[in-house]
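Structure record follows, encoded as structure tokens.
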Amino acid sequence: MGIRSMLSRVRPLINLLILMAIWEVAGQLKLVADGALPAPSAILLRLLTDWSDYPNHIGATLYGAGAGFLIGNLVAVALGTLFALYPVTARLARGMNVAIFALPPIAISPILVLTLNEMAPRIVLAAIGCYFVTMTSTVVGLTQADPRAIDLVRAYGGNKWQALWLVRMRSALPTILSGLRIAAPNAVLGSILAEFGGGGRWGLGVYLLGSLGRAEPDRLWGIGLVATAIAALAYFAFAALGARLLKGTEAVTVPSALPHSGDVTRPLWQRVLILLGSIALPFALWWALLAALRVPAMIAKTPPGLFDYLFVLPSAAAAQVKLLAALAQTLPMTLIGMAAGLALAFLLALTSQVRPGIVRALLPVALVTQTMPLVALTPLLVLMLGRGPAVILWITISVTFFPAFVTMAQGLLLVPRAALDVPRAYGASLFTQLRLVSVPASLPYLFAATRLTAPRALLGVMIAEWLATGTGLGNLLNQSRGYLDYGMIWAVAVVSVLISVFFYQVVVVIERRTLSRLGMAVAD
Amino acid sequence: MSLRLNRRSFLSLTAAGAALPLTSRFAMAATPFAFQASWINDAEFAGYFLAIDKGYYAAEGLDVTYMSGGPDVIPESTLISGKADLTLTTPDTTIKAIVEQGAPFKIIGAQYQKNPIGIVSLASKPINTPQDLVGKTLAVPPVNVVSVEAMLKISGVDRAAVNIVPYAYDPTPLIKGEIDASLDFTTNVPYTIKQAGVEATSFLLYDFGFTIFNDTVVVTEEVLKSKRKEIVAFLRASRKGWDENLADPAVYPPTFAETWFKGTGRTIENEVYFNTAQKPLMAAEGGIFSMSEEAIAKNIEALAAVGIKATRDMFDTTVLAEI
Numbered sequence: 000m001g002i003r004s005m006l007s008r009v010r011p012l013i014n015l016l017i018l019m020a021i022w023e024v025a026g027q028l029k030l031v032a033d034g035a036l037p038a039p040s041a042i043l044l045r046l047l048t049d050w051s052d053y054p055n056h057i058g059a060t061l062y063g064a065g066a067g068f069l070i071g072n073l074v075a076v077a078l079g080t081l082f083a084l085y086p087v088t089a090r091l092a093r094g095m096n097v098a099i100f101a102l103p104p105i106a107i108s109p110i111l112v113l114t115l116n117e118m119a120p121r122i123v124l125a126a127i128g129c130y131f132v133t134m135t136s137t138v139v140g141l142t143q144a145d146p147r148a149i150d151l152v153r154a155y156g157g158n159k160w161q162a163l164w165l166v167r168m169r170s171a172l173p174t175i176l177s178g179l180r181i182a183a184p185n186a187v188l189g190s191i192l193a194e195f196g197g198g199g200r201w202g203l204g205v206y207l208l209g210s211l212g213r214a215e216p217d218r219l220w221g222i223g224l225v226a227t228a229i230a231a232l233a234y235f236a237f238a239a240l241g242a243r244l245l246k247g248t249e250a251v252t253v254p255s256a257l258p259h260s261g262d263v264t265r266p267l268w269q270r271v272l273i274l275l276g277s278i279a280l281p282f283a284l285w286w287a288l289l290a291a292l293r294v295p296a297m298i299a300k301t302p303p304g305l306f307d308y309l310f311v312l313p314s315a316a317a318a319q320v321k322l323l324a325a326l327a328q329t330l331p332m333t334l335i336g337m338a339a340g341l342a343l344a345f346l347l348a349l350t351s352q353v354r355p356g357i358v359r360a361l362l363p364v365a366l367v368t369q370t371m372p373l374v375a376l377t378p379l380l381v382l383m384l385g386r387g388p389a390v391i392l393w394i395t396i397s398v399t400f401f402p403a404f405v406t407m408a409q410g411l412l413l414v415p416r417a418a419l420d421v422p423r424a425y426g427a428s429l430f431t432q433l434r435l436v437s438v439p440a441s442l443p444y445l446f447a448a449t450r451l452t453a454p455r456a457l458l459g460v461m462i463a464e465w466l467a468t469g470t471g472l473g474n475l476l477n478q479s480r481g482y483l484d485y486g487m488i489w490a491v492a493v494v495s496v497l498i499s500v501f502f503y504q505v506v507v508v509i510e511r512r513t514l515s516r517l518g519m520a521v522a523d
Numbered sequence: 000m001s002l003r004l005n006r007r008s009f010l011s012l013t014a015a016g017a018a019l020p021l022t023s024r025f026a027m028a029a030t031p032f033a034f035q036a037s038w039i040n041d042a043e044f045a046g047y048f049l050a051i052d053k054g055y056y057a058a059e060g061l062d063v064t065y066m067s068g069g070p071d072v073i074p075e076s077t078l079i080s081g082k083a084d085l086t087l088t089t090p091d092t093t094i095k096a097i098v099e100q101g102a103p104f105k106i107i108g109a110q111y112q113k114n115p116i117g118i119v120s121l122a123s124k125p126i127n128t129p130q131d132l133v134g135k136t137l138a139v140p141p142v143n144v145v146s147v148e149a150m151l152k153i154s155g156v157d158r159a160a161v162n163i164v165p166y167a168y169d170p171t172p173l174i175k176g177e178i179d180a181s182l183d184f185t186t187n188v189p190y191t192i193k194q195a196g197v198e199a200t201s202f203l204l205y206d207f208g209f210t211i212f213n214d215t216v217v218v219t220e221e222v223l224k225s226k227r228k229e230i231v232a233f234l235r236a237s238r239k240g241w242d243e244n245l246a247d248p249a250v251y252p253p254t255f256a257e258t259w260f261k262g263t264g265r266t267i268e269n270e271v272y273f274n275t276a277q278k279p280l281m282a283a284e285g286g287i288f289s290m291s292e293e294a295i296a297k298n299i300e301a302l303a304a305v306g307i308k309a310t311r312d313m314f315d316t317t318v319l320a321e322i
């Protein structure tokens, strides 16, 4: 190993150390928000003194996350297999899959808490966090199996199931394992998010909420860091497992597209029927689940119950006014936040082409803001930014930026060097190279990033509204819980899922049009 | 998550059993009874913890399941879903749910005769009356906005003159001066603020016309019919627990340090402060939980000011009479 490559390996570590040193000084001298940002040393000391509180809380979070991880992934692999074997089921389940991908957890969590008992809401939210990633990687893995190997099984008289077991499953294993890597931290975050709304005595989310009233930022940061560490450990445990089993590495992507399952072309009437079925399925499931759980109608609104609440009952007009007023506050902020998050991610991804060092230094920070429960960071952000649109914008950027950046940077990396050599040979400036080659070539990844960002932007805005500004859908949700306005809780949840799905679909349509005009393929 | 009797309380229960060998109740299977608390485990529920630990519920033939609450737990919801038999609520939301949604609730007692909720500010920039709030920023949990608006209206303060922002039960913005005041339990937050090195001052909404109870004891009409005997037994044992706990507020909180209070991240001194501060707010001539006709009338009157139409029949005092 030469000195240069040694240096490039140590670089990120050095950058991290510099960053920690700056943070320590800023904390010690109370430079940020009049001392509301504690120094790393203070956080660690606090963590040590509080340590006796932690084991039970960590245990409860791990239990919820673990059970959710197990159940979510089992369902995901089973359904993924079904989708891969019978492509028509994948089309039918499209509405459900997009809804699960796009749903904002904070809108769903109160509903889960109302309808389920004890640990179940945490397990379900953790499972939902795992489902999409693992389901997608299962379908991709199974459909990418070597057709020659399948032919071989078939030639020796093997049936569909034997081909599945002997060839497809084995070839899908690496993809599924790389999906589990992303699913693992998702499960931890899902469990914590459900703890916020679920009561109970133990869990890091419960501890965080209980500590919020103590005016001790060092403890909040400590809990946030422990949560982040668990999520990171879960990620690396599955990365290590994958490396051991497969002796190879895969690029990490955050999937946001439904894979093509190779369905045959059908007549129009069949396609329309399938489309209608795929829209109806989530509603049917919602109805069936409530019926199966026997939750009282006052708490649990079925689709017709919600329709009554919004359009038929005497209070419907008032409910509509409230909901529309909240939407008018939330939607513009979501669009602005999404644009800002994407723009920042794009700028940084471009910078990473020119100056990889800056990005490597910033990545740890971005990673922490990604996994750190936002509830812990919000008080600090409020102290620094106040309670206006600025705080909404920053929280939205912090949840949208990271996945968008990773996806875009990857797209830019995959631009063929040879293509860049042409403008270079003509002496084009860096900017011209980017404009003529890099950006157009990585367009599929830009779209993938946008797809990923749309639902997250809504989540970010709602969190900020709930905790800081007291406006929009986030506040309406919180207030309705306090007023026992169950109809409104369901209305906000359903509307926010619909908005997320709508944004997602809009991006998908624009993406398909643009890419097919340019003759490019969709990126995951 | 629920907690059943722990080992410590089991031991004290057996000890109680040994001391009273003639009590035949222990031979009977205890009736399950689920209680949903309205907040995380703190001194607000010390009386119930004591009654569990000392076996007072067991002596009444009850097997109590204690469910902790928290900022995001809606106690009334656990009643409707049938997860709990009895809970503690804020009367304004309960009555609103009865009036607007026909929720089948009955208020059968009140833990706090005077609502401990108040306006907390820093002693260096004190806010002593509702009038002082004019032009100031006040952080209020979204659930309590109605109560604050009621107090402002009763005190003749223009609602538009006060900047109300959401409060996430974090006193940091108040300590740092980002807000001027917050709405919180006066039995608790002033201590927290003092720990952070600043003096706090507070006044109760109750003392400025918003004369309502808090932690009202609520059951559904159905449970009131089917489990009346158990409800009476629960209130009797709870009152015993509270009387004993409040006799000297400094005695019992330390005994819960390793059990009920473990993992809440709060100090025992904090709980003793809380326990001492809540004593005068709970004291009632008819004993803990009582609801005098005069107090009920005051509740109805105060809620009317916010447009919540409470009526006398939402309060049922007959259960208390049976204790």
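These protein sequence lines are chains A and B, in that order.
Okay, so the first sequence: first residue is 0 according to numbering that gives the first Met the number 0, each after it adds one.
Okay, so the second sequence: first residue is 0 according to numbering that gives the first Met the number 0, each after it adds one.
Note that beta-carbon positions come from the ideal geometry of N, C-alpha and C, so glycine has one too.
- Distances from the CA of Tyr-130(A) to each of Leu-165(A), Phe-195(A), Ala-101(A) and Leu-392(A) were compared; the closest alpha carbon is that of Ala-101(A).
- Thr-86(B) and Leu-442(A) have their C-alpha atoms spaced approximately 57 Å apart.
- For Ser-181(B), there is no enclosing alpha helix (DSSP H); the residue is part of the beta strand (DSSP E) that begins and ends at 180-184.
- Beta-bridge annotation (DSSP): Asp-62(B) is paired with Pro-31(B).
- Across the structure, Ala-183(A) and Tyr-206(A) are spaced so that their CA atoms are roughly 21 Å apart.
- Taking 8 Å as the cut-off, the Cβ atoms of Leu-204(B) and Met-150(B) count as close.
- In chain order, Arg-386 and Gly-469 make up the part of chain A whose C-beta sits under 7 Å from the C-beta of Val-164(B).
- DSSP places Gln-110(B) inside the beta strand (DSSP E), whose first and last residues are 104-111.
- Excluding residues up to 5 positions away in sequence, Met-290 lie with their Cβ nearer than 7 Å to the Cβ of Thr-316(B) in the same chain.
- Fully contained in the region 154-192 of chain A is no beta strand (DSSP E) run of length 3 or more.
- Distance between Asp-214(B) and Thr-128(B), taken at the CA atoms: about 24 Å.
- Listed by position along chain B, the residues whose Cβ is nearer than 7 Å to that of Asp-217(A) form an empty set, because the closest Cβ is around 11 Å away.
- A distance below 8 Å between beta-carbons, with the five flanking residues on each side excluded, links Lys-278(B) to the following residues of its chain, in chain order: Leu-245 and Pro-248.
- For Met-297(A), a Cβ of chain B is located within less than 8 Å of the residue's own Cβ.
- Under the three-state reduction of DSSP output, Ser-515(A) falls in the helix class.
- Nearest in C-alpha terms to Asp-484(A), of all of Phe-404(A), Ala-296(A) and Ala-408(A), is Ala-296(A).
- Gln-478(A) counts as buried, since at least 16 other C-beta atoms from the protein chains shown sit within 10 angstroms of its C-beta.
- When secondary structure is reduced to three states using DSSP, Ala-249(B) falls in the coil class, being assigned neither helix nor strand.
- Beta-carbon to beta-carbon, Ile-39(B) and Ser-76(B) are separated by about 17 Å, too far to satisfy the 8 Å threshold.
- Contacts between Ala-35(A) and chain B, judged by CB atoms closer than 8 Å, involve Thr-171 and Lys-175 in chain order.
- Taking 8 Å as the threshold, the shortest C-beta distance from Ser-123(B) to chain A does not fall below it.
- Counting other Cβ atoms within 10 Å of its Cβ, Tyr-425(A) stays below 16 and is therefore classed as exposed.
- CA-CA distance, Trp-259(B) to Trp-201(A), rounds to 12 Å.
- Shown here for Val-31(A): same chain residues with a beta carbon closer than 6 Å to its own, the five before and five after excluded, namely Ala-25 in chain order.
- Taking a Cβ-Cβ threshold of 8 Å, the residues of chain A close to Asn-40(B) are Arg-200, in chain order.
- At a cut-off of 8 Å between beta carbons, Gly-240(B) makes no contact with chain A.
- Cβ proximity to chain A below 8 Å picks out Lys-261, Gly-262, Thr-263, Gly-264 and Arg-265 from the region 261-293 of chain B.
- Taking the Cα positions, Gln-328(A) is about 37 Å away from Phe-430(A).
- Per DSSP, reduced to three states, the secondary structure at Thr-254(B) is helical.
- The residues Leu-349 and Gln-352, in chain order, have a CB closer than 8 Å to that of Leu-433(A) in the same chain once the five nearest residues on each side in sequence are set aside.
- Membership of Ala-199(B) in any alpha helix (DSSP H) is not indicated; the residue belongs instead to the beta strand (DSSP E) covering 199-203.
- Per the coordinates, the alpha-carbon of Ser-277(A) lies some 18 Å from the alpha-carbon of Leu-84(A).
- Straight-line measurement puts the Cα of Gly-486(A) at about 22 Å from the Cα of Met-95(A).
- Residues of chain A whose Cβ lies closer than 7 Å to the Cβ of Glu-75(B) are, in chain order, Leu-483.
- With a threshold of 16 other beta carbon atoms within 10 Å, Thr-48(A) falls short and is exposed.
- Among the residues of chain A, those whose CB is under 8 Å from the CB of Ile-192(B) are Ala-214, following chain order.
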